[in-house]
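J.:
Numbering (my numbering), first residue to last: 1 to 464.
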């Protein structure tokens, strides 16, 4: 594996550089819709907490989602009274739409959001954003389902939350524990390339963003939180759950078809500068071995069942050939998708043809083993046949993995990246916004420089 960034990938993570304070390091977005009652106490409480505990300059952005009450006026007064508060007005509803709009235009290197009810204990805010500032992680989420979290809410919401996360784990193989907690943060360089891939503009926005980030190999940090349910929440549970399930289906279908260019938001190997000089490190060898072993074990069981079924009405050689043929097609398809991560239909026929060549080698090994057994004894026991076939299949499995990795599914990402750079018209996606150099340049140009903002420092907040 090459350790430098290929076109479209994110640069290696870096600790945010230190320099004079002033421009915000953290931009906390509060999406609101008709929150004239809770907005002012929420913002003042959040501002007091950040002013007292956060060691860098910050900004609080109120994102008004087309409110029809006096929320815009309340937000305007807060922005006029508090220097670190600003407000943005959107003419259409949607939490995802609000976050996309504010995060896309923010100049802060760390972007966060929280719900206006402040159900999450604010003491978790600094642990949430610290891994992003240090360069350790790409995204961070608060989790109400962690073992050490302390949560106060009714059984109905508890059941819905846990059921939803079980659905995500079962359908999208999500490994993060809490998708819908309104307490998240993301690095701006990650948001620049990830948000264009997120389609949802409502409550499913969080889940879609996390699933795509996780599938792209980005690092998600989880913070256990203390959380108290807001009994006056205006979230429509049934409608939100229905929209979320539709989103799960849409994202799952996109991932299965390979239509999302997730390789363009991947991190290069080795964020430690000492690792970046390493050349030709195999990509995902350990993961591929695990996937291949799992697929191989299931294929072997499938093969033995087929062999036992075919053996009832045919000879051992015929039963072996038929069972191996059917299981080989299934094995190639499973390894193509699960072990080597090849998505979409492109090259599927060629892969199956190459897989049949590998099948031929396996057939030669197993058939030769059966021929040797039949030469040694005229009527071998069925258990003896199975034992010989298992041993022959183990030998064939080792060779199959090597051929799959080196010949059938070689890592062609570097060649594909070179071809994509030479011909942008060959893809339906616009690659220009996702080039690593562009992201890195914009990061250096626009990212604020960090320095702890102490009470005795001279900065914009001294005028209070």
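Even for Gly, the Cβ is constructed at its ideal location relative to N, Cα and C.
#1: Quick one: measure Cβ to Cβ for residue 128 and residue 112, integer angstroms, because I've assumed they're closer than 8 Å.
#2: Compute the Euclidean distance between the alpha carbons of residue 318 and residue 200, then round it to the nearest angstrom.
#3: Quick one: measure Cβ to Cβ for residue 43 and residue 142, integer angstroms, because I've assumed they're closer than 8 Å.
#4: Starting from the C-beta of residue 343, find all residues in its chain whose C-beta is less than 6 Å away, skip the five residues before and the five after it, and write them out in chain order.
#5: With which residues is residue 374 paired in a DSSP beta bridge?
#6: Any chance the segment 102–121 sits against the segment 179–186, with 3 or more Cβ pairs inside 8 Å?
#7: Please state whether the Cβ-Cβ distance between residue 139 and residue 255 is less than 9 Å.
#8: Residue 208 to residue 77, Cα distance in whole Å?
#9: Over what stretch of residues does the beta strand (DSSP E) that includes residue 143 continue unbroken?
#10: Using a Cβ-Cβ cut-off of 6 Å (strictly less than) and excluding sequence neighbours within five positions of residue 153, which residues of its own chain qualify?
#11: Determine the contact status of residue 400 and residue 331, defining contact as a CB-CB distance below 9 Å.
#12: Does DSSP put residue 226 in a helix, in a strand, or in coil?
#13: Let me know if residue 188 comes out buried or exposed under the rule of 16 or more other beta-carbons within 10 Å of its beta-carbon.
#14: Using a threshold of 9 Å, state whether the C-beta atoms of residue 133 and residue 16 are closer than that.
#15: Considering just the uninterrupted stretch of the alpha helix (DSSP H) at residue 213, what are its terminal residues?
#16: Quick check: what's the CA-CA separation for residue 81 versus residue 26?
#17: Measuring only between beta-carbons, confirm whether residue 181 sits less than 9 Å from chain B.
#18: Spell out a yes or no on whether the segment 172–179 and the segment 54–69 are touching, meaning 3 or more CB-CB pairs, one atom from each, closer than 8 Å.
#19: Could you pull out every residue in the same chain whose Cβ sits closer than 8 Å to the Cβ of residue 367, ignoring the five residues on either side in sequence?
#20: Return the Cβ separation of residue 262 and residue 212 in integer angstroms, given the expectation that the two are a contact with Cβ distance under 8 Å.
#21: Jot down the residue ranges of each uninterrupted alpha helix (DSSP H) in the segment 77–143, minimum 4 residues, whole runs only, in chain order.
#22: For residue 198, which residues in the same chain have their Cβ closer than 8 Å to its Cβ, ignoring the five residues on either side in sequence?
#23: Can you tell me which residues form a DSSP beta bridge with residue 27?
#24: In whole angstroms, give me the CA-to-CA distance for residue 351 and residue 341.
#25: Excluding sequence positions up to five away, which residues of its chain have a Cβ less than 7 Å from the Cβ of residue 104?
#26: Taking the runs of the beta strand (DSSP E) that are 3 residues or longer, which of them lie wholly in the segment 320–386?
#27: Check for me: the alpha helix (DSSP H) holding residue 294 runs from which residue to which?
#28: My output table needs one value for residue 16: the three-state DSSP class, helix, strand or coil.
#29: Between residue 75 and residue 92, is the Cβ-Cβ spacing less than 9 Å?
#30: Does DSSP classify residue 250 as helix, strand or coil?
#31: Nearest CA to the CA of residue 307: which residue from 297, 14, 327?
#32: Pick out whichever of 345, 94, 108 has its Cα sitting closest to the Cα of residue 61.
#33: Taking only heavy atoms of the ligand GDP into account, decide whether any of them is closer than 8 Å to the Cβ of residue 12.
#34: Are residue 362 and residue 396 close, meaning C-beta to C-beta below 9 Å?
#35: Please state if the CB of residue 63 and the CB of residue 110 are separated by a distance shorter than 9 Å.
#36: With a CB to CB cut of under 7 Å and the five nearest residues on each side skipped, what residues in its chain are close to residue 240?
T.: Per the coordinate set shown:
#1: Residue 128 to residue 112, Cβ: 7 Å. Contact.
#2: Their Cα atoms are separated by approximately 53 Å.
#3: Contact between residue 43 and residue 142 is ruled out by a C-beta separation of about 19 Å, above the 8 Å threshold.
#4: Answer for residue 343: 258, listed in chain order.
#5: The beta-bridge partner set that DSSP reports for residue 374 is empty.
#6: Yes, the segment 102–121 is in contact with the segment 179–186.
#7: No; because the gap between Cβ atoms is not below 9 Å, this pair is not in contact.
#8: Looking at the backbone, the Cα of residue 208 and that of residue 77 are separated by about 34 Å.
#9: Boundaries of the beta strand (DSSP E) harbouring residue 143: 139–143, taken from the DSSP string.
#10: Excluding residues within five positions, the ones whose Cβ falls inside 6 Å are 229.
#11: Result yes, Cβ atoms of residue 400 and residue 331 sit closer than 9 Å.
#12: Note: residue 226 maps to strand in three-state DSSP.
#13: With 16 or more Cβ atoms within 10 Å of its Cβ, residue 188 is classed as buried.
#14: In this structure, residue 16 lies closer than 9 Å to residue 133 by Cβ.
#15: Residue 213 -> alpha helix (DSSP H) spans 205–215.
#16: So the two alpha carbons sit approximately 20 Å from each other.
#17: Any reference to chain B falls outside this structure, which holds one protein chain only.
#18: Contact between the segment 172–179 and the segment 54–69 is absent, with fewer than three C-beta pairs closer than 8 Å.
#19: Excluding positions up to five away in sequence, the list reads 317, 320, 321.
#20: So it is a contact: roughly 7 Å between Cβ atoms.
#21: DSSP assignment within the segment 77–143 yields the following whole alpha helix (DSSP H) runs of 4 residues or more, N-terminal first: 95–105, 125–134.
#22: Only residues of its own chain outside the window of five on either side were considered, and among them 96, 100, 205, 208, 209, 212 have a CB closer than 8 Å to the CB of residue 198, listed in chain order.
#23: Residue 27 pairs with 59, 111.
#24: Straight-line spacing of the CA atoms in residue 351 and residue 341 works out to 13 Å.
#25: So the qualifying residues of the chain are 195.
#26: Note on the segment 320–386: there is no whole beta strand (DSSP E) run with a minimum of 3 residues.
#27: It spans 285–311 - the alpha helix (DSSP H) in which residue 294 sits, taken as one unbroken run.
#28: In this structure, residue 16 counts as coil in the three-state DSSP scheme.
#29: It is not a contact, given that the beta carbons lie outside the stated cut-off.
#30: Look at residue 250 here: in three-state DSSP terms it is helix.
#31: Nearest option by C-alpha distance: 327.
#32: Here the closest residue by C-alpha is 108.
#33: You won't find the ligand GDP in this model; it holds no ligand whatsoever.
#34: Cβ atoms of residue 362 and residue 396: closer than 9 Å.
#35: Contact: no.
#36: Once the five neighbours on either side are set aside, the close Cβ partners of residue 240 are 203.
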